[in-house]
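Residue numbers (our numbering): 250 to 675. Ideal Cβ positions, reconstructed from N, Cα and C, are used throughout, including at glycine. Beneath this line is the structure, given in structure tokens, with notes to follow.
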Ligand code: PLP
């Protein structure tokens, strides 16, 4: 039953573009009605028609502890009673910056913003200000938020020209965005050879999770570290998804590579809107008011988001075994899928991030990711939804696990997925 969701969706479409405040929520790619959510606790979300689902979206990553984690909620409620925002410094901002520096030592100095998009925009501005260079390299299939200069997937034409992905972005705004192929060192070398003195930074999702989950090939990240140093460019890790998810130290600790700048979002706000960027203190000294790179925000570092972030990070810090548990949980699902589906799908997994691609070929970059059959994914998604399991409504997103996923719910998930692959014919 989805009557109330359907009614709300119709109402929403009259007043909100596509009925949603972020496109993927519209379920367009899977041809179903989006569920309007009433509440969520632990690993379960409840929609307005009283359907309950085991949730593997986890608000697209922040929900590593599960929904409505009691200590986080309690502390946020206490903070709310003290005032929502002051537009003036607070102790909590200092505590969160210190915690970030402790858990992610490359982030000696950081600035809080309100979203991952803002974090990336600002980090790139810092990199350009610091190097005095304009161009950046990004990778096809990596998502870094919706700012103009980063909405570039690739020009079919060339490594050296870029066309915006979105209407409303002047081509002039993306002319400094160069696009390389993920896991393809040659494509990066060529760009540096073409613009040896002009590239300010390479920005990368150290584990790509926005074309589905795609792992970095062995040596790829260290190659990026080396080539950026060689050419005097900065290396920016976009850890909006991987930060505090692959481990307390994020992907940079996992792979033991130190970027110059890092961007964070999602978990660092414990479910409240937040982003952060930071890194080497000599670079961060470029930021206003100490330096010439301007960046500001009315609600930046607000006491509610910082409270949720601090509590979440402290809980993770006190219980690092959480990462082992998370990895075991996603491994359990991956194994069940592989056992049932055989080579009909490709499962990419790292820690608590996973994607089931409906393709037989290994998925290592954008081209292999988009070889996946999105119709088959949509059918799989619909079957899961109808059996009480809520996964990403798009083939090209990650499946997120939380510490709240219970053994019982994992077993149910494995059973439903196994059942699906037993009946699913190519
Ligand atoms: N960077 C990465 C790697 C992301 O996955 C996202 C969002 O999913 C962003 C940046 C943008 O973050 P936000 O949606 O908070 O603006």
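- Rounded to the nearest angstrom, the gap between the Cα atoms of residue 501 and residue 356 is 11 Å.
- Distance check between residue 466 and each of 456, 460 and 572 places 456 closest, using alpha-carbon atoms only.
- When only Cα atoms are considered, residue 530 and residue 554 end up about 24 Å apart.
- Contact between the segment 310–328 and the segment 514–522 is established, with three or more Cβ pairs separated by less than 8 Å.
- Collapsing the DSSP output to three states places residue 384 in a strand.
- Per DSSP, residue 527 is one residue of the beta strand (DSSP E) stretching across 524–528.
- Runs of alpha helix (DSSP H) with 4 or more residues, each lying fully within the segment 584–632, are found at 615–618, listed in chain order.
- For residue 344, the secondary structure class from DSSP, reduced to helix, strand or coil, is helix.
- If you compare the alpha carbons of 474, 353 and 630 with that of residue 525, the shortest gap goes to 353.
- In this structure, residue 614 lies near residue 432, with their beta-carbon atoms less than 7 Å apart.
- Under the DSSP assignment, residue 658 falls in the alpha helix (DSSP H) whose first and last residues are 656–672.
- Considered as a whole, the segment 279–367 harbours 319–330 and 340–352 as its complete alpha helix (DSSP H) runs of no fewer than 4 residues, in chain order.
- When 513, 339, 380 and 335 are compared, the shortest CA-CA separation from residue 445 is found for 380.
- Per the coordinates, the alpha-carbon of residue 307 lies some 14 Å from the alpha-carbon of residue 655.
- Rounded to the nearest whole angstrom, the C-alpha separation of residue 260 and residue 441 is 50 Å.
- The continuous beta strand (DSSP E) containing residue 486 extends over residues 483–487.
- Remark: C-beta atoms of residue 273 and residue 651 do not approach each other more closely than 7 Å.
- Around the beta carbon of residue 543, a 10 Å sphere encloses fewer than 16 other beta carbons of the protein chains shown; the residue is thus reported as exposed.
- In the displayed model, residue 457 falls within a strand according to three-state DSSP.
- With respect to the C-alpha of residue 660, the residue from 583, 609 and 318 having the closest C-alpha is 583.
- Checking the 6 Å criterion, the Cβ of residue 454 is within range of a heavy atom belonging to the ligand PLP.
- According to the DSSP assignment, residue 514 belongs to the beta strand (DSSP E) that extends over 510–514.
- Its Cα nearest to that of residue 290, the residue 303 stands out among 298, 279 and 303.
- Residue 448 sits in a strand when the DSSP states are folded into three classes.
- Here residue 426 carries a strand assignment [DSSP, helix/strand/coil].
- For the alpha helix (DSSP H) assignment, the uninterrupted runs of no fewer than 4 residues enclosed by the segment 531–575 are, from N- to C-terminal side, 552–567.
- Residue 361 is classed as buried because its beta carbon has at least 16 other beta carbons within 10 Å across all chains shown.
- DSSP, reduced to helix, strand and coil, places residue 649 within a strand of the structure shown.
- In terms of Cβ geometry, residue 284 and residue 296 form a close pair [threshold 7 Å].
- Per DSSP, the continuous alpha helix (DSSP H) segment holding residue 437 begins and ends at 434–443.
- Closest by C-alpha distance to residue 671, out of 527, 512, 351 and 632, is 632.
- Residue burial annotation: residue 590 is buried, with at least 16 other C-beta atoms found within 10 angstroms of its C-beta.
- Relative to the ligand PLP, the nearest heavy atom lies less than 6 Å away from the CB of residue 487.
- With a cut-off of 8 Å on Cβ pairs, the segment 463–477 is not in contact with the segment 361–376, counting fewer than three such pairs.
- The alpha-carbon separation between residue 666 and residue 262 amounts to approximately 32 Å.
- Bounds of the alpha helix (DSSP H) holding residue 478 are 469–479.
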